[in-house]
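Before any comments, here is the structure.
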Amino acid sequence: GEPLEAIAIVPQGAAQRINFRLDASRAHRGTAYANGPELALASVGGMPTDPNTILVAFEEPVQPGDTVTVSLYTPRNPWGGVYLFGVTGYPTGAEGVGQYLGVGRIQIYDNDK
Numbered sequence: 003g004e005p006l007e008a009i010a011i012v013p014q015g016a017a018q019r020i021n022f023r024l025d026a027s028r029a030h031r032g033t034a035y036a037n038g039p040e041l042a043l044a045s046v047g048g049m050p051t052d053p054n055t056i057l058v059a060f061e062e063p064v065q066p067g068d069t070v071t072v073s074l075y076t077p078r079n080p081w082g083g084v085y086l087f088g089v090t091g092y093p094t095g096a097e098g099v100g101q102y103l104g105v106g107r108i109q110i111y112d113n114d115k
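Each residue of the sequence shown is one higher than the last, beginning at 3 in our numbering.
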């Protein structure tokens, strides 16, 4: 494998309506509940060619075999439903080609259920 420099998160369907606070984004080593050491982010933002895409660039490349959790925050929870996000990883170097990693899924339940 190659070191990971950045990931692109692409909201799909209803997830495109979520307004993220990109300045509050965080990343850490390990799974979502492991709460490992925080990873510094070089930048988080949209892409000029596709404003719905969220590009997260790491200050230091993530080494092959390491698990990383990226947390995106919203001003308030979206409506209940299933939200899908396509995730693509980009290796270090200008000539690196992105590798589609799969779909992330978030299930949010309404308060009244």
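For glycine and all other residues, C-beta sits at the position ideal for the given N, C-alpha and C.
Predicted model only: the values in this text are computed from it and were never measured.
Across which residues does DSSP place residue i in a beta bridge pair?
i    : result
R107 : L86
A26  : Its beta-bridge partners do not exist; DSSP assigns none.
Q101 : G91
R31  : V70
Residue i lies in the beta strand (DSSP E); which residues open and close that run?
i   : result
N73 : In the sequence under discussion, the amino acid at residue 73 is Ser, which differs from the Asn named in the question. It spans V70 to S73 - the beta strand (DSSP E) in which S73 sits, taken as one unbroken run.
T55 : D52 to V64
A44 : L43 to M49
L6  : L6 to Q14
Which residue's Cα is closest to the Cα of residue i: the options?
i   : options                  : result
P20 : G95, N79 and E97         : Position check: residue 20 holds Ile in this sequence, whereas Pro was assumed. With distances taken between Cα atoms, I20 lies closest to N79.
L57 : I108, G100, P66 and D112 : G100
G3  : D112, T94, I110 and V105 : T94
A10 : P39, G48 and T33         : G48
N54 : Y102, P5, F22 and T69    : F22
A34 : T51, S73 and V12         : S73
V70 : R107, G32, F87 and S45   : G32
A44 : D52, T51 and S27         : S27
Please return the same chain residues whose Cβ sits closer than 8 Å to the Cβ of residue i, not counting the five positions on each side in sequence.
i   : result
N37 : H30
P77 : N21 and R23
P5  : P63, V64, Q65, P66, P93 and T94
Can you list, in chain order, the residues of its chain with a C-beta nearer than 6 Å to that of residue i? Leave out the 5 residues immediately preceding and following it.
i    : result
A42  : E61
Y92  : E7, A8, G98 and G100
Y102 : T90
G82  : I110, Y111 and D112
Leaving out five residues before and five after residue i in sequence, what residues of the same chain have Cβ atoms less than 7 Å from its Cβ?
i    : result
Q109 : V84
A16  : G83 and Y85
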